[in-house]
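*Asks:* In my numbering, the protein residues as written are 8 to 362.
Beta carbons are placed, not taken as given, at the ideal position from N, Cα and C, and that holds for glycine.
First the structure, which I've put down as structure tokens, then a few questions once you've had a look.
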């Protein structure tokens, strides 16, 4: 998914399993007018960084989200210890809430616990609520609990010794993703988009947004920059209307590229003023089996589909950018989804017939 962010003079590391898709994505990006690197290293090892000292490396996540004592984290510590440390710290949802309260940024009522036992002992749980592992990605492990029964089920799926939080549900009209970029000139607002949620899980984004609470989150963004954060990071914010005033509640920070970063940067390069990003399922496992040439983005009209996360075709998913007016996006999405559903139904019919 980073291919569309590269320039022709760049190098890019891509998993060798995607070599079979290279010709197809080249054709798609050429049609969409995306100029990108053709200098591919078909190896995702971090060792490649040392082999190309004249290039500045760009990382999805500056650290190791899975194993804090792993070899990846050691490598990032050596590259930039301050950047690595601030990512480690703020990647904890509990640390983020603590810091937001310290900086005077409004947040939902959030109970924080170091262990599952401590959470079970709490007698003041706000229902409905969300139970969240302190460290999780893409909303995984987050469970909504309407009552004590649901809470017990949620607790049964968590590890005993891992920190967690229980956050009161907010009556939000929208959830925003505020992206920032740290450059040599300091931290700058990049773009605010509205999230498309599938339950608790991030399903996509749409731009432009009706809201832009940059000022409310500015103290946190500056804190991140002052402590060594680099590249792109984002803050999720809930929009809570009340009478004639709108309140903004900070939820969490993604100290890394996030789901909205890739379509954001592609849309910026192509001057697309109105877009959404969504993920669709498909029975196909190769771009060669999937024809969207007639739907592909046309630079002349500013309308069409761009494949963003094309590597996930191997697992039956495609993340795409839909460009155009809201009506055009809906039409593109309906047509693409309809084709995928027909393909899926056709495959099921074949499987039943063969059985």
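1. For residue 197, which of 220, 180, 178 has the nearest alpha-carbon?
2. In three-state terms, what does DSSP make of residue 265?
3. How long is the line joining the alpha carbons of residue 169 and residue 183, rounded to whole angstroms?
4. Apart from the five residues on each side of it in sequence, which residues of its chain come closer than 6 Å, Cβ to Cβ, to residue 317?
5. In angstroms, rounded to a whole number, what distance separates the CA positions of residue 243 and residue 235?
6. Examine the Cβ distances between the stretch 90-97 and the stretch 130-144 and report whether three or more of them are shorter than 8 Å.
7. Using the Cα positions of residue 26 and residue 254, report the straight-line distance between them to the nearest angstrom.
8. So, with DSSP's three-state summary, where would you put residue 318?
9. From the DSSP output, in three-state form, read off residue 212 for me.
10. Could you tell me if residue 61 is buried or exposed, where buried requires 16 or more neighbouring beta carbons within 10 angstroms of its beta carbon?
11. Once DSSP output is grouped into helix, strand and coil, what is the label at residue 184?
12. Do residue 5 and residue 327 have their CB atoms nearer than 9 Å?
13. Reducing DSSP to helix, strand and coil, say where residue 343 ends up.
14. Quick check: what's the CA-CA separation for residue 200 versus residue 264?
15. Is the beta carbon of residue 280 closer than 9 Å to that of residue 309?
16. According to DSSP, what are the bridge partners of residue 282?
17. Name, in chain order, the residues that DSSP records as bridge partners for residue 193.
18. Name the DSSP beta bridge partners of residue 255, please?
19. Just verifying my parser: in three-state terms, what is the DSSP assignment at residue 308?
20. Suppose only complete runs of 4+ residues qualify. What are the alpha helix (DSSP H) ranges in the stretch 82-154, listed by chain order?
21. Identify which residue in 271, 86, 226 has its Cα closest to the Cα of residue 257.
22. Compare the C-beta of residue 316 against all C-beta atoms of chain C and say whether one is closer than 9 Å.
23. Identify the continuous alpha helix (DSSP H) that holds residue 224 and give its terminal residues.
24. Taking the beta strand (DSSP E) that residue 46 falls in, what are its first and last residues?
25. For residue 288, which beta-bridge partners are listed by DSSP?
26. Ordered along the chain, which non-local residues of its own chain (more than five positions away) have a Cβ less than 8 Å from that of residue 194?
27. Which residue from 215, 246, 191 puts its Cα closest to that of residue 275?
*Replies:* Taking the definition as stated:
1. The count along the chain shown starts at 1 and reaches residue 197 at position 190. Checking every option, the nearest Cα to that of residue 197 belongs to 220.
2. For the purposes of this step, residue 265 is taken as the residue at position 258 of the chain shown. Here residue 265 sits in coil by DSSP.
3. Indexing the chain shown from 1 puts residue 169 at position 162. Indexing the chain shown from 1 puts residue 183 at position 176. Answer to the nearest angstrom: the Cα atoms are 28 Å apart.
4. Residue mapping note: residue 317 aligns to position 310 of the chain shown, counting from 1. For residue 317, where only same-chain residues beyond five positions count, the Cβ hits under 6 Å are 32.
5. Translated into positions along the chain shown, residue 243 becomes position 236. Translated into positions along the chain shown, residue 235 becomes position 228. The alpha-carbon atoms of residue 243 and residue 235 are separated by roughly 20 Å.
6. no
7. Taking the first residue of the chain shown as position 1, residue 26 is located at position 19. Taking the first residue of the chain shown as position 1, residue 254 is located at position 247. If you take the alpha carbons of residue 26 and residue 254, they lie about 48 Å apart.
8. As a position in the chain shown, residue 318 is number 311, starting the count at 1. In this structure, residue 318 counts as helix in the three-state DSSP scheme.
9. Start at 1 with the first residue of the chain shown, and residue 212 comes out as number 205. It is a strand residue.
10. Looking up residue 61 in the chain shown gives position 54. Classification of residue 61: exposed, given that the 10 Å Cβ count is below 16.
11. Stepping through the chain shown from its first residue, residue 184 is reached at position 177. The answer is strand: DSSP assigns residue 184 an E or B state.
12. Here the chain covers residues 8 to 362 and nothing more, so residue 5 does not appear.
13. Here residue 343 refers to the residue found at position 336 of the chain shown. Residue 343 falls in the helix class under three-state DSSP.
14. Residue 200 sits at position 193 when you count from the first residue of the chain shown. Residue 264 sits at position 257 when you count from the first residue of the chain shown. So the alpha carbons of these two residues sit roughly 14 Å apart.
15. For this step, residue 309 is matched to residue 302 along the chain shown. For this step, residue 280 is matched to residue 273 along the chain shown. Against a cut-off of 9 Å, the Cβ pair of residue 280 and residue 309 comes out as a contact.
16. Locating residue 282 in the chain shown gives position 275, where the first residue counts as 1. 214, 330, per the DSSP bridge assignment.
17. Taking the chain shown and counting its residues from 1, the one referred to as residue 193 is at position 186. The partner list for residue 193 (beta bridge, DSSP) reads 190.
18. Taking the first residue of the chain shown as 1, we reach residue 255 at position 248. In the DSSP output, where bridge partners are listed per residue, residue 255 has 246.
19. Here residue 308 refers to the residue found at position 301 of the chain shown. Residue state, collapsed to three classes: coil.
20. 88-97, 100-110, 123-128
21. One-based indexing of the chain shown puts residue 257 at position 250. Measuring from the Cα of residue 257, the nearest candidate turns out to be 226.
22. The question asks about chain C, but that chain is absent: this structure has only one protein chain.
23. One-based indexing of the chain shown puts residue 224 at position 217. Where residue 224 is concerned, the enclosing alpha helix (DSSP H) stretches over 221-233.
24. Position 39 of the chain shown holds residue 46. Element bounds for residue 46: 46-48.
25. Start at 1 with the first residue of the chain shown, and residue 288 comes out as number 281. DSSP, once it has assigned bridges, lists 324 as partnering residue 288.
26. Working through the chain shown from its first residue, we reach residue 194 at position 187. For residue 194, where only same-chain residues beyond five positions count, the Cβ hits under 8 Å are 187, 188, 228, 229, 231, 232, 236.
27. As a first step, residue 275 must be located in the chain shown, where it is residue number 268. Closest by alpha carbon: 215.
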